[in-house]
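Notes follow the structure.
Number of protein chains: 2
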Amino acid sequence: MGEKTVTIKDVAKEAGVGAGTVSRVLNDAVHVSPKTRKAVELAMQRLGYKPNAFARGLKSNNSYSMGVIVADITNPCFSKIIRGIEGTLQKSGFGMFLFDTEMDEEKVTQSINIMEEKKVSGIFILGEHFDTKKMLTDLYVPVVTVTSQIPICGYELPSNFASITINNERAAYSAMDFLCKKGKRKTVLLMSLADDENVGKARYQGYQNALKEHGIEIDQELLFFNQRLSMESGYECIYKIHEKGVDFDSIFAVSDLTALGAMRALSELGYAVPEDIAVVGFDGIEQGAYSIPSLTTIDQPRFLMGETAAKIMLDMIHKKKVLNREIILDFEFVERESTGK
Amino acid sequence: MGEKTVTIKDVAKEAGVGAGTVSRVLNDAVHVSPKTRKAVELAMQRLGYKPNAFARGLKSNNSYSMGVIVADITNPCFSKIIRGIEGTLQKSGFGMFLFDTEMDEEKVTQSINIMEEKKVSGIFILGEHFDTKKMLTDLYVPVVTVTSQIPICGYELPSNFASITINNERAAYSAMDFLCKKGKRKTVLLMSLADDENVGKARYQGYQNALKEHGIEIDQELLFFNQRLSMESGYECIYKIHEKGVDFDSIFAVSDLTALGAMRALSELGYAVPEDIAVVGFDGIEQGAYSIPSLTTIDQPRFLMGETAAKIMLDMIHKKKVLNREIILDFEFVERESTGK
DNA sequence: CTGAAAGCGCTTACAG
DNA sequence: CTGAAAGCGCTTACAG
Chain A
43 MGEKTVTIKD VAKEAGVGAG TVSRVLNDAV HVSPKTRKAV ELAMQRLGYK
93 PNAFARGLKS NNSYSMGVIV ADITNPCFSK IIRGIEGTLQ KSGFGMFLFD
143 TEMDEEKVTQ SINIMEEKKV SGIFILGEHF DTKKMLTDLY VPVVTVTSQI
193 PICGYELPSN FASITINNER AAYSAMDFLC KKGKRKTVLL MSLADDENVG
243 KARYQGYQNA LKEHGIEIDQ ELLFFNQRLS MESGYECIYK IHEKGVDFDS
293 IFAVSDLTAL GAMRALSELG YAVPEDIAVV GFDGIEQGAY SIPSLTTIDQ
343 PRFLMGETAA KIMLDMIHKK KVLNREIILD FEFVERESTG K
Chain B
43 MGEKTVTIKD VAKEAGVGAG TVSRVLNDAV HVSPKTRKAV ELAMQRLGYK
93 PNAFARGLKS NNSYSMGVIV ADITNPCFSK IIRGIEGTLQ KSGFGMFLFD
143 TEMDEEKVTQ SINIMEEKKV SGIFILGEHF DTKKMLTDLY VPVVTVTSQI
193 PICGYELPSN FASITINNER AAYSAMDFLC KKGKRKTVLL MSLADDENVG
243 KARYQGYQNA LKEHGIEIDQ ELLFFNQRLS MESGYECIYK IHEKGVDFDS
293 IFAVSDLTAL GAMRALSELG YAVPEDIAVV GFDGIEQGAY SIPSLTTIDQ
343 PRFLMGETAA KIMLDMIHKK KVLNREIILD FEFVERESTG K
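Top line first, the protein sequences correspond to chains A and B.
According to our numbering, the first sequence is numbered sequentially starting from 43.
According to our numbering, the second sequence is numbered sequentially starting from 43.
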């Protein structure tokens, strides 16, 4: 890339200054006289100078890059968050390594290994991962989780952690309260983890709260835990419950993709949505706005979550005091056709 | 990350060899006696040694990282390709920088800048981009395009280029031939670029070929070019054509997302799919299999395309002779409900 | 505010 | 097959 590499020395000679000075204008940290700065900048431009990231990193130990670990990159909810992160990082000149783990333990380990070698300045974790906590706590870089949290209950939040979420308990409560008010009493719950001291637990709590408030008992037969949050899993769950002959009048899936898969199964099995079965999803992905029927959902501000995560991360690595490291953004309950709008 | 960094010197001392030797086992290029190798490996393990990517890169100019430029990461077609690339690269210990450009000229430039600084060993381009050719030809790294091609007609393909596509002309032909045989004579065409010496041109050619063969004249009113391949654009096109009162009996969208958006608009406007209007998409994303009705489409082997791209790239940077650098993978025409199955 | 110099942790001819 | 040494292109105290 570029014929002969032009180094800081070339620039220094061209500008008639020392190499250290060029370095200083590059990192514009210390004071450099405006005049000198100008001269150096001109020289850099004339020579088409590009700093060598390796050399910079070797000395400063700052890689100008970050890493993102995502459970499922094909889920549009996550890709939208990634877009938010990437755009923000790019503006600050950071590169973003991406690792798609499919929740595979080994891939997570390998990803972390690569990130260590690359000396990323920070790691983002999107979605639920088993046991990442263990691996990450002895890393010394900041970690920001998005949509999920690292379960560190009972202890003070380590200064290198932050999380961007919505209030998952209230979100799940909203969805269920809405369904209950519609007269639904038999809601199938499609969940991933529910006992993780984390998002899953909060959502399940919201589910329980709403039912309790409406005087409805929980029916174990309607609960599906540990599901992968894919279209396929939603689809299969509905077939399963139908085959078992369990009666139900609505579905609350903790992911739009899963809800969409469920709707497809309902259609194949001859249930009408929303007449027979009302469906509520979670995430707010675009596909839910265009599906037939369109999907009622909890809209997480995905792009904003990504942006916010990146900004906080940037603050953390610049050693700024970040006092609010457990950020809870507003969600929006979006009513659409799948619940009869 | 790691308390005190253990360097190659520490390993050398621990193993009782020279630093150069440690380096040699690390890069297992040159011959090292099995005995020495063993000793070094043991020492590395004992000390928990992690090579410093900066130092390696500075000397060898090999970053062990690649860059991916994608037009729209929220499109599941691309994210599946990315999964294929990432998985393959990871196995070889490469990190993958991701840049989501949304086809914005400036973001592309900035992305390329960052990649130059990071000295990525190769660049993948997914989807259509305007004028990337210009920027990339003076880069000295290999470039592999996936789903699209860099238009270099009339010249020999530069040795640092490769492309992974399907036969887009035949694919589009298949879709249109199928529609024509169903008796459709007024197919709305939803395209992005059509005059780009590239994928778009090929697809449009296939469209024309099929119509010609069936003795159907092209109706300009049915042609939508330069569309963004999103759900929204598909949706809007249908509203536009409906408002103009143009008669049509089917839709061929060059992207599943666009087709899905179109189906939503049709539903809102009271058209029945497939009874009134047949719809065919392109890409083969999962969402099309679960939509209601399910979507007939051209299935591009997305994951395989990503894997193949990464493998070719690895071959190219390892200076292996790659004779087949314009790889054309098989597509599959998948018939579903949106055309009456 | 700025220059000279040391050194970050590797790789790679150069000898042997 | 292996060791000693130079050097990759920066950054950063240290002086001034």
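Just so you know, even glycine gets a beta-carbon here, dropped at the ideal spot from N, CA and C.
Check: Have a look at A/A54 and A/K161 and give me their C-alpha separation to the nearest angstrom.; Outcome: 28 Å
Check: Is there a Cβ of chain B sitting closer than 7 Å to that of A/P118, yes or no?; Outcome: yes
Check: Please go through the region 119 to 205 of chain B and give each complete alpha helix (DSSP H) segment of 4 or more residues, from N-terminal end onward.; Outcome: 147 to 160 and 174 to 179
Check: Secondary structure at A/T63, three-state DSSP: helix, strand or coil?; Outcome: helix
Check: For the region 301 to 330 of chain B, enumerate the residues whose C-beta is nearer than 8 Å to any C-beta of chain A, in chain order.; Outcome: L302, G303, M305, R306, S309, E328 and Q329
Check: Specify, as a first and last residue, the run of the beta strand (DSSP E) that B/M108 falls within.; Outcome: S107 to V112
Check: Would you kindly work out how many angstroms separate the C-alpha atoms of B/E317 and B/L199, rounded to a whole number?; Outcome: 47 Å
Check: Throw me the rounded Cβ distance for the A/A352 and A/I127 pair, which I believe falls under 8 Å.; Outcome: 5 Å
Check: In chain order, what residues of the same chain lie with their CB nearer than 7 Å to the CB of B/E374, ignoring the 5 residues before and after it?; Outcome: D341
Check: Check whether the region 120 to 139 of chain A touches the region 62 to 75 of chain B, taking contact to mean three or more Cβ pairs, one atom from each stretch, closer than 8 Å.; Outcome: no
Check: Would DSSP call B/M43 helix, strand or coil?; Outcome: With a pLDDT of 39 at B/M43, under the threshold of 50, the modelled position of that residue is not reliable, and the figure given next carries that caveat. Reduced to three states, the DSSP call for B/M43 is coil.
Check: In chain order, what residues of the same chain have a beta carbon less than 7 Å from the beta carbon of B/E274, not counting five sequence neighbours either side?; Outcome: G303
Check: At the level of alpha carbons, what is the spacing between A/G44 and B/A244?; Outcome: Per-residue confidence for A/G44 stands at a pLDDT of 41, beneath the threshold of 50, marking its modelled position as unreliable; no derived number is given.
Check: Take A/P93 and list the residues in its own chain whose beta-carbon comes closer than 7 Å to its own, dropping the five residues that flank it on each side.; Outcome: L68
Check: Along the beta strand (DSSP E) that carries A/I293, what are the first and last residues, could you check?; Outcome: S292 to A295
Check: Enumerate in chain order the residues of its own chain whose CB-to-CB distance from A/R306 is below 7 Å, with the five nearest sequence positions on each side excluded.; Outcome: Y277
Check: Along chain A, which residues have their Cβ under 7 Å away from the Cβ of B/A95?; Outcome: E159, K160 and K161
Check: If you reduce the DSSP assignment to three classes, tell me which class B/I354 lands in.; Outcome: helix
Check: Out of A/Q87, A/R88, A/S201 and A/N104, which one is the CA nearest neighbour of A/A95?; Outcome: A/N104
Check: Out of curiosity, what's the CA-to-CA distance linking A/G295 and A/A252?; Outcome: Checking the displayed sequence, the identity of residue 295 of chain A turns out to be Ala instead of Gly. Roughly 15 Å between the two C-alpha positions.
Check: Hey, A/Y106 and A/F136: beta-carbon distance below 7 Å or not?; Outcome: yes
Check: Could you tell me whether the Cβ of B/F139 comes closer than 7 Å to any Cβ of chain A?; Outcome: yes
Check: Evaluate B/T47 with the Cβ neighbour count: other Cβ atoms within 10 Å of its Cβ, from every protein chain shown; 16 or more gives buried, anything less gives exposed.; Outcome: exposed
Check: Closest to A/F203 by C-alpha separation, out of A/A214, A/G164 and A/C222, would be which residue?; Outcome: A/G164
Check: For A/K226, is the classification buried or exposed, using 16 other Cβ atoms within 10 angstroms of its Cβ as the cut-off for buried?; Outcome: buried
Check: Distance check for B/D298 and A/I208, CA to CA, integer angstroms please.; Outcome: 31 Å
Check: Just tell me which of B/G323, B/Y281 and B/S292 has its CA closest to the CA of B/E310.; Outcome: B/Y281
Check: Using three-state DSSP, classify B/L271 as helix, strand or coil.; Outcome: coil
Check: Can the beta-carbon of B/V186 be found closer than 7 Å to that of B/M347?; Outcome: no
Check: Using CA coordinates, which residue listed in A/T339, A/V321 and A/I319 is at the minimum distance from A/E328?; Outcome: A/T339
Check: In three-state DSSP terms, what is A/I427?; Outcome: The question about residue 427 of chain A has no answer, for chain A in this structure spans 43 to 383.
Check: Nearest by alpha-carbon distance to A/V321: which of A/S234, A/L221, A/E259 and A/M86 is it?; Outcome: A/L221
Check: Can a CB atom of chain A be found closer than 7 Å to the CB of B/M145?; Outcome: no
Check: Give the residues of chain B in contact with A/R125, contact being defined as C-beta atoms less than 7 Å apart.; Outcome: I115, T116 and D142
Check: Determine which residues share a DSSP beta bridge with A/A320 and list them.; Outcome: A/S292
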